[in-house]
Amino acid sequence: MATITLPTNDVLVVHGPLQPASVVVLDSPHSGRVMPADFHAALPHEDLRDGEDEYIDELYAPAAALGIPLLAAQFPRTYIDANRHAGDIDLDLLDGPWPHHHQPSGKAALGKALLWRTLDDGRAIYSRRLTAAEVAARIERCHTPYHATLQALMDAAHRSHGRVVHINCHSMNAVAGAMGEGGAGKPRADFVLGDRDGTTCSAEVTHFVRDQLAAHGYSVKINDPFKGVELVRAYSNPAAGRHSLQLEINKRVYMDQASGQKIAHFTVLQQQLMDMLRMMQRHFA
Ligand SMILES: [Zn+2]
Numbered sequence: 003m004a005t006i007t008l009p010t011n012d013v014l015v016v017h018g019p020l021q022p023a024s025v026v027v028l029d030s031p032h033s034g035r036v037m038p039a040d041f042h043a044a045l046p047h048e049d050l051r052d053g054e055d056e057y058i059d060e061l062y063a064p065a066a067a068l069g070i071p072l073l074a075a076q077f078p079r080t081y082i083d084a085n086r087h088a089g090d091i092d093l094d095l096l097d098g099p100w101p102h103h104h105q106p107s108g109k110a111a112l113g114k115a116l117l118w119r120t121l122d123d124g125r126a127i128y129s130r131r132l133t134a135a136e137v138a139a140r141i142e143r144c145h146t147p148y149h150a151t152l153q154a155l156m157d158a159a160h161r162s163h164g165r166v167v168h169i170n171c172h173s174m175n176a177v178a179g180a181m182g183e184g185g186a187g188k189p190r191a192d193f194v195l196g197d198r199d200g201t202t203c204s205a206e207v208t209h210f211v212r213d214q215l216a217a218h219g220y221s222v223k224i225n226d227p228f229k230g231v232e233l234v235r236a237y238s239n240p241a242a243g244r245h246s247l248q249l250e251i252n253k254r255v256y257m258d259q260a261s262g263q264k265i266a267h268f269t270v271l272q273q274q275l276m277d278m279l280r281m282m283q284r285h286f287a
């Protein structure tokens with residue numbers, strides 16, 4: 003049996019078992035809130051939580067009791083975004099050339115490449131240019147172990163159960179901001195499922211999750227406006243039994259964005275999600 007070795011630092015944690023008890027694996031790349039000492043941003047810490055998927059790690063943590071591992075980033079999304087390709091460098095952030103592989107996704111135009119340049123409201127995160135060595139160090143310390151751990155968890159589930167269903171867990175603002183996907187000021191559905199237009203998981207997985215959520219009365223959209231990005235793309239291969247689905251929850255469903263506090267429905271949603279995961283374990287076993 004392969005051993006998964008975890009970094010013992012502030013980069014990531016895995017809630018639950020390192021050997022998945024079923025086909026289901028979860029990850030939460032954007033709920034980290036440990037501010038690295040070498041961030042050297044121009045904005046206060048509270049503002050740098052702008053891209054955070056608040057409470058998403060807490061929301062899914064009870065899945066550990068079902069034998070489902072939850073990989074959770076500890077670093078903030080604004081520091082480095084695990085849901086980007088390591089080569090998705092915003093060249094406008096650098097004080098010189100990028101000497102490594104460059105694989106632009108187009109997200110740099112929104113200020114949201116691997117390292118963000120701007121917040122959702124368009125404010126600049128830095129008042130300086132970053133060195134290539136600084137960016138490379140963030141990749142090595144945060145991005146590389148996060149991806150390696152997710153891949154290892156998915157491999158372990160696939161090896162033991164012949165299949166893996168990976169849910170990439172996120173939340174989204176109720177309404178798109180100035181630099182947000184889907185158009186500024188546009189209200190969003192309760193849930194948005196992203197399978198990159200049917201390429202990262204089978205339709206059976208996407209429809210199972212859609213139907214479970216819709217049965218509770220939630221509005222659910224598929225690939226609109228979020229299709230899923232790097233973490234559902236990187237290790238998925240539906241034909242080989244490797245399924246990845248991005249699950250975006252509208253923050254208004256579980257929290258009050260003005261106060262930053264959870265609302266009473268948080269625990270209701272949590273129970274609904276745990277019920278769904280339990281049914282997924284059986285359905286896709
Ligand atoms: Zn997210």
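Heads up, the final residue of the sequence shown is numbered 287 in the numbering used here, and it's a clean run with no missing numbers. All residues carry an ideal CB built from backbone N, CA and C; glycine is no exception.
Going by DSSP in three states, M278 sits in which element: helix, strand or coil?
Sequence index remark: in the sequence shown, residue 278 carries index 276 (1-based). The answer is helix: DSSP assigns M278 an H, G or I state.
Under 7 Å from any heavy atom of ligand 1, does the C-beta of D55 make it?
Position 53 of the sequence shown, counting from 1, holds the residue named residue 55. Within the cutoff, so yes.
Three-state secondary structure (DSSP) at A126?
Here residue 126 is taken as the residue at index 124 of the sequence shown, counted from 1. Strand.
L215: first and last residue of the uninterrupted alpha helix (DSSP H) it sits in
Position 213 of the sequence shown, counting from 1, holds the residue named residue 215. Boundaries of the alpha helix (DSSP H) harbouring L215: A205 to A216, taken from the DSSP string.
May I ask whether a heavy atom of ligand 1 can be found less than 7 Å away from the beta carbon of H172?
The sequence position of residue 172 within the sequence shown is 170, counting from 1. True, at least one ligand heavy atom lies under 7 Å from that Cβ.
DSSP three-state label for D94, please.
Residue numbering aside, residue 94 sits at position 92 when the sequence shown is read from its first letter. Looking at D94 - three-state DSSP - the assignment turns out to be helix.
Per DSSP, what kind of secondary structure is M156 in: helix, strand or coil?
Here residue 156 refers to the residue found at position 154 when the sequence shown is read from its first residue. Note: M156 maps to helix in three-state DSSP.
Going by C-alpha to C-alpha distance, which of G53, R165 and A134 sits closest to I127?
Taking the sequence shown and counting its residues from 1, one reaches residue 127 at position 125. When only C-alpha atoms are compared, the closest one is G53.
Does ligand 1 have even one heavy atom less than 7 Å from the beta-carbon of H32?
As a first step, residue 32 must be located in the sequence shown, where it is residue number 30. Set against 7 Å, the gap from the CB of H32 to the closest heavy atom of ligand 1 is smaller.
Fully enclosed by the segment 10-54, which alpha helix (DSSP H) runs are 4 residues long or longer?
47-50
Taking three-plus beta-carbon pairs below 8 Å as touching, is the segment 274-281 in contact with the segment 200-217?
The answer is yes - the segment 200-217 touches the segment 274-281, with three or more Cβ pairs under 8 Å.
Tell me whether D94 is buried or exposed, calling it buried when 16 or more other Cβ atoms sit within 10 Å of its Cβ.
Against the sequence shown, residue 94 aligns to sequence position 92. Its Cβ having fewer than 16 others within 10 Å, D94 is exposed.
I need the boundaries of the beta strand (DSSP E) containing L61, first residue and last residue.
Residue numbering aside, residue 61 sits at position 59 when the sequence shown is read from its first letter. Counting along the chain, no beta strand (DSSP E) covers L61; the unbroken alpha helix (DSSP H) around it starts and ends at I58 to Y62.
Close-in-space but distant-in-sequence residues of the same chain around Y237 (CB under 6 Å, 5 per side omitted)
The residue given as residue 237 occupies position 235 in the sequence shown. Correct list, in chain order: Q153 and M156.
Assuming A75 contacts A84 (C-beta within less than 8 Å), just tell me the rounded distance between them.
For the purposes of this step, residue 75 is identified with residue 73 of the sequence shown, where counting begins at 1. For the purposes of this step, residue 84 is identified with residue 82 of the sequence shown, where counting begins at 1. Indeed, because the Cβ distance is near 5 Å, the residues count as touching under 8 Å.
Can you tell which of S246, A241 and A178 has its C-alpha closest to the C-alpha of L195?
Your numbering for residue 195 matches position 193 in the sequence shown. Among S246, A241 and A178, the Cα nearest to that of L195 belongs to S246.
Less than 8 Å between the C-beta atoms of V26 and L233, yes or no?
Numbered from 1 along the sequence shown, position 24 holds the residue referred to as residue 26. Numbered from 1 along the sequence shown, position 231 holds the residue referred to as residue 233. No.
Express the C-alpha separation of H172 and R165 in angstroms, rounding to a whole number.
As a first step, residue 165 must be located in the sequence shown, where it is residue number 163. As a first step, residue 172 must be located in the sequence shown, where it is residue number 170. Going from the Cα of R165 to the Cα of H172 covers about 23 Å.
Name the DSSP bridge partner or partners of N239?
On the sequence shown, residue 239 is found 237 positions in, with the first residue counted as 1. In the DSSP output, where bridge partners are listed per residue, N239 has R244.
Straight-line Cα distance separating R79 from G230
The residue labelled residue 230 in the question sits at position 228 within the sequence shown. The residue labelled residue 79 in the question sits at position 77 within the sequence shown. Their Cα atoms are separated by approximately 16 Å.
With a Cβ-Cβ cutoff of 8 Å, do G262 and E56 count as a contact?
Your numbering for residue 262 matches position 260 in the sequence shown. Your numbering for residue 56 matches position 54 in the sequence shown. Cβ atoms of G262 and E56: closer than 8 Å.
Suppose the cutoff is 7 Å on Cβ atoms and the five residues either side in sequence are ignored; what does the same chain contact list for L14 look like?
The residue given as residue 14 occupies position 12 in the sequence shown. Once the five neighbours on either side are set aside, the close Cβ partners of L14 are L73, A74, A75, Q76, P147, Y148 and T151.
What does the alpha-carbon distance come out to for the pair Y256 and K264?
Reading the sequence shown from its first residue, position 254 is the one you call residue 256. Reading the sequence shown from its first residue, position 262 is the one you call residue 264. If you take the alpha carbons of Y256 and K264, they lie about 6 Å apart.
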